[in-house]
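Novice:
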Amino acid sequence: MTGAAPSPQFKRRAQAALADAELQRALRIVEVNFIARRSEAVERLPEFEALRDAARDIKNHTLTHLDLYLEEYERRVTEQGGQVHYAVTAEDARQIILDICRRLRANIATKGKTMVGEEIGLNEFLANFAVTPVETDLGEYIVQLRHEQPSHIIAPAVHLTKAQIAADFRRAHRHLPPERDLAEPEALLSEARAVLREKFLAADIGITGANFLVAETGTAIIVTNEGNGDLTQTLPKAHIVLASIEKLVPTLEDAAQLLRVLARSATGQEMAVYTTLATGPRRADDPDGPAEYHVVILDNGRSAMLGSPLRDMLRCIRCGACLNHCPVYHAVGGHAYGSVYPGPMGAVLTPSLIGIDKAAELPNASTFCGRCEDVCPVRIPLPRLMRFWREREFEQHLSPAGVRAGLRTWAFFAKRPRLYGLATGIAAPVLALIGRWRGRFRWLPLAGGWTRHRDFPSPQGATFQARWKRR
Amino acid sequence: MAGPRVGLLVTCLVDFIRPSVGFAAVKLLEDAGCTVVVPRQACCGQPAFNSGDRASARAIAEQVIAAFAPCDFVVTPSGSCGGMLRVHYPELFQGDPHWQARAEAFAAKSYELTSFLVEVLGVTHSVARYHGTVTYHDACSGLRELGVKAQPRRLLATVEGLRLAEMADADVCCGFGGTFCVKYPEISNAIVGKKTANVVASGAGTLLAGDLGCLMNIAGKLAREGSSVEVRHVVEVLAGMTDAAAIAAPARRRPKAAE
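For the record, the sequence lines run as chains A and B. Per our numbering, the very first residue in the first sequence carries number 95; after that it's consecutive. Per our numbering, the very first residue in the second sequence carries number 87; after that it's consecutive.
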């Protein structure tokens with residue numbers, strides 16, 4: 095994954111995010127609009143809960159027979175004149191793509207939105223080898239201009255306000271009249287469109303991700319709201335689909351079922367504006383399309399998840415609903431996580447990809463409120479999987495020494511109720527003696543994190559169990 | 087005829103911080119005809135479970151299961167501890183030939199208090215009086231693991247003099263999260279700040295919820311903000327036992343909503 099090791103920085107980045115007023119303003123969009131739109135979309139569809147079950151079952155079935163469906167998919171792609179490349183690691187995937195670019199002497203590669211591309215750090219890599227990557231999704235284009243990573247898996251620039259984006263456009267698009275009006279989102283969109291149009295025509299290669307790979311037909315499906323994906327994959331000489339192994343689904347019918355929960359969970363739309371199916375290179379009687387068609391299928395640690403409880407995570411269809419409903423994400427935004435996959439799904443997936451030793455903070459950055467699991471269209475038990483990682487962290491002695499010591503002391507007493515009763519029987523009245531008059535403490539030893547922001551309620555006096563004995 | 091023998095898992099927070107909630111729970115159970123017993127107890131093990139210390143969580147769970155073995159039911163005034171008993175104990179012992187069945191049987195007889203009153207005992211009315219407008223926070227574990235939402239509201243609706251004013255985002259986390267508020271106090275603070283804003287905007291004079299952890303968090307924040315909103319556990323109101331000072335409120339002040 096690109097960037098520095100994410101996790102040890104989480105706390106520091108989170109604090110900076112909390113102090114960033116502009117970011118906090120931008121994040122309200124997620125907390126208010128995304129949630130309201132999803133809930134309206136769900137209410138309009140009485141069978142939504144049944145669809146979630148069906149979506150979960152389709153993904154589970156596919157994962158059980160993943161080897162067969164991968165073979166079938168490859169066979170179909172090959173029949174259609176395309177080529178499937180398997181990449182075990184991120185490095186493999188980058189190299190495969192670079193080799194194609196070099197063979198075709200590509201200078202410019204347009205890109206549809208691909209989170210797997212972010213995962214393998216594709217843009218930076220291609221740029222190092224003189225292939226200029228151009229993001230064509232508006233949000234991705236904006237974060238590329240800013241040399242940032244996406245902060246959300248479906249809304250890459252959701253951490254920015256309109257005013258910030260307008261300023262970026264003025265800085266980047268120097269050839270346009272400086273007095274132009276960029277107040278409305280539509281103005282930003284049409285400016286990006288105009289700039290990108292030239293890139294589309296100049297591109298040698300188009301790289302897209304895939305929402306689904308359909309084994310039955312060898313089709314890659316992408317959903318977009320801007321139509322940029324269509325131009326990315328039809329105009330250049332070659333189209334490269336970059337996708338991870340869990341994007342497989344058996345049939346078009348299965349993909350259609352999953353599409354019904356995807357957009358509703360993501361943006362509250364019934365369908366995304368564009369749902370585009372790409373099956374192989376241009377055929378003789380096609381009016382357009384790429385001469386070459388490649389699919390790079392990335393593993394990068396995923397097949398190791400198949401035999402563990404983390405397998406449930408491979409059902410993920412990247413809708414972003416768990417981010418949208420996460421109180422921690424609302425508070426700190428996506429960049430704080432330092433991973434291309436933020437929020438609850440990232441807290442589970444990132445340690446699988448880079449190791450729990452490098453990402454231990456992420457599965458801890460959850461209140462376990464359970465809202466993510468509640469809205470997940472494929473019913474991934476996200477809190478349970480975050481707990482799975484916390485257990486690995488604990489086993490490997492990765493948790494901070496202070497936390498471990500506190501937990502050990504507490505557990506020592508909690509396992510010995512008689513001793514626990516003695517200790518709390520003394521402590522509660524003592525604390526109450528000091529705090530009862532005011533009813534609260536403004537400061538308590540060892541509770542600085544709490545009392546920095548909140549008062550700590552005073553105990554009432556003797557413990558319940560001590561009083562109960564006297565009853 | 088003797089009613090069911092109910093073991094009260096009072097929760098470590100109620101035991102230590104707010105025994106009056108435990109006595110209110112006892113009153114509600116006894117009024118409904120139960121015989122209440124309180125086996126010696128410390129904690130349900132949730133802090134260890136959520137910190138990845140599965141071995142400690144199991145050791146504590148085994149002890150709780152054994153201590154409550156003689157009880158017909160195990161009832162707790164907390165959705166979070168209730169979720170631990172009902173949902174996570176069976177998970178902890180999954181595949182254990184010796185303990186799995188015991189954990190499942192234990193889970194099946196364990197309840198969060200308001201759901202036990204409404205769903206098992208068929209309680210439909212509270213005889214309590216409480217003059218004032220309250221708002222209710224749905225604590226996460228109770229809401230999402232146990233489906234506690236309608237039960238406390240149904241009982242509150244029968245409390246004489248009480249008016250419920252729902253706040254915005256009543257079902258959104260308060261930022262407590264057990265050890266979360268210790269590990270990430272700043273994030274926790276940002277989340278609880280949104281909660282207290284919603285509490286205040288509801289116009290209610292009292293905030294109620296079914297989990298003392300969340301209540302301490304919200305009460306502590308409201309107190310720091312200088313708010314006059316009183317914070318209580320819902321069972322105190324349902325049992326008509328609101329003489330004790332509200333959570334984080336000074337001992338001398340008479341609760342304004344009490345008669």
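Note that the Cβ used here is the ideal one computed from N, Cα and C, for glycine as well.
1) Is it buried or exposed for SER314/B, if we count other Cβ within 10 angstroms and need 16 for buried?
2) Give the straight-line distance between the Cα atoms of ASP585/A and VAL268/B, rounded to the nearest whole angstrom.
3) Checking the sheet assignment: what are the DSSP bridge partners for LEU342/A?
4) How many angstroms separate the CA atom of GLY464/A from the CA atom of THR302/A?
5) With a cut-off of 8 Å, does the C-beta of PHE192/B fall near any C-beta of chain A?
6) Taking 8 Å as the CB-CB limit, is PHE488/A close to chain B?
7) If we call anything under 8 Å between Cβ atoms a contact, is ARG536/A one with SER552/A?
8) Under 9 Å Cβ-Cβ, which residues of chain A neighbour PRO133/B?
9) Using a beta-carbon distance below 8 Å, is ARG131/A in contact with chain B?
10) Could you tell me the alpha carbon to alpha carbon distance between THR158/A and GLY555/A, rounded to whole angstroms?
11) By the three-class DSSP mapping on this structure, what secondary structure does THR550/A have?
12) By how many angstroms is the C-alpha of GLU364/A removed from the C-alpha of LEU139/A?
13) Go ahead and pull the three-state DSSP assignment for GLN186/B.
14) Which ranges does the beta strand (DSSP E) cover as unbroken runs of at least 3 residues, wholly within the stretch 226–312 of chain B, from first to last along the chain?
15) With a cut-off of 8 Å, does the C-beta of ALA343/B fall near any C-beta of chain A?
16) MET302/B CB to nearest chain A CB: under 8 Å?
17) Rounded to whole angstroms, how far is the Cβ of CYS466/A from the Cβ of LEU479/A, which I believe are closer than 8 Å?
18) Count Cβ pairs between the stretch 110–122 of chain B and the stretch 197–211 of chain B that sit closer than 8 Å; are there 3 or more?
19) Assuming LEU232/A and ALA286/A make a contact with CB atoms under 8 Å, what is their CB distance in whole Å?
20) What is the DSSP secondary structure of GLY555/A, reduced to helix, strand or coil?
21) Are the C-beta of PHE462/A and some C-beta of chain B separated by less than 8 Å?
22) Which of the three DSSP states, helix, strand or coil, is assigned to ALA277/A?
23) Identify which residue in LEU447/A, PHE462/A, LYS153/A, ASN319/A has its Cα closest to the Cα of GLY362/A.
24) Which of the three DSSP states, helix, strand or coil, is assigned to THR255/A?
25) From the DSSP output, in three-state form, read off TYR167/A for me.
26) Would you mind telling me which residues of chain A sit closer than 8 Å to SER196/B, beta carbon to beta carbon, in chain order?
27) Is the Cβ-Cβ distance between LEU241/B and LEU324/B less than 8 Å?
28) Step through the CB atoms of chain B and report whether any lies within less than 8 Å of the CB of PHE558/A.
29) Report yes or no: is there a C-beta of chain B within less than 8 Å of the C-beta of LEU527/A?
30) Mind listing which residues of the stretch 146–170 of chain B have their C-beta closer than 8 Å to chain A's C-betas, in chain order?
31) Along the chain, where does the beta strand (DSSP E) containing PHE159/B start, and where does it finish?
32) Residues bridged to TYR514/A by DSSP?
33) With three or more beta-carbon pairs closer than 8 Å as the criterion, would you say the stretch 489–507 of chain A touches the stretch 130–150 of chain B?
34) Flag ALA99/A as yes if its beta-carbon sits less than 8 Å from any beta-carbon of chain B, otherwise no.
35) Nearest by alpha-carbon distance to ILE103/B: which of HIS217/B, ASN303/B, GLU311/B is it?
36) Between the C-alpha atoms of GLU316/B and LEU301/B, what's the straight-line distance to the nearest angstrom?
Specialist: This is what the structure gives:
1) exposed
2) A question about residue 585/A goes unanswered here, because the residues of chain A that appear run from 95 up to 565.
3) LEU307/A
4) 33 Å
5) no
6) yes
7) no
8) LEU501, TRP504, ALA505, ALA508
9) no
10) 57 Å
11) Per the sequence shown, the amino acid found at residue 550/A is Phe instead of Thr. In the structure shown, PHE550/A sits in a strand (DSSP, three-state: E or B).
12) 9 Å
13) helix
14) 246–250, 292–295
15) Interpretation of ALA343/B is limited by its pLDDT of 48, a score under 50 that renders its predicted location unreliable; the figure taken from the coordinates is listed afterwards. No, its Cβ sits nowhere closer than 8 Å to a Cβ of chain A.
16) yes
17) Not quite, the Cβ-Cβ distance comes to about 10 Å (not below 8 Å), so this is no contact.
18) yes
19) 5 Å
20) coil
21) yes
22) coil
23) ASN319/A
24) coil
25) helix
26) Going along chain A, no residue has its Cβ under 8 Å from SER196/B, so there is no contact; the nearest lies around 18 Å.
27) yes
28) yes
29) no
30) ILE146, GLN149, ALA153
31) 159–162
32) Its beta-bridge partners do not exist; DSSP assigns none.
33) yes
34) Reliability fails at ALA99/A, whose pLDDT of 45 lies under 50, so the model's placement of it is uncertain and no value is given.
35) ASN303/B
36) 10 Å
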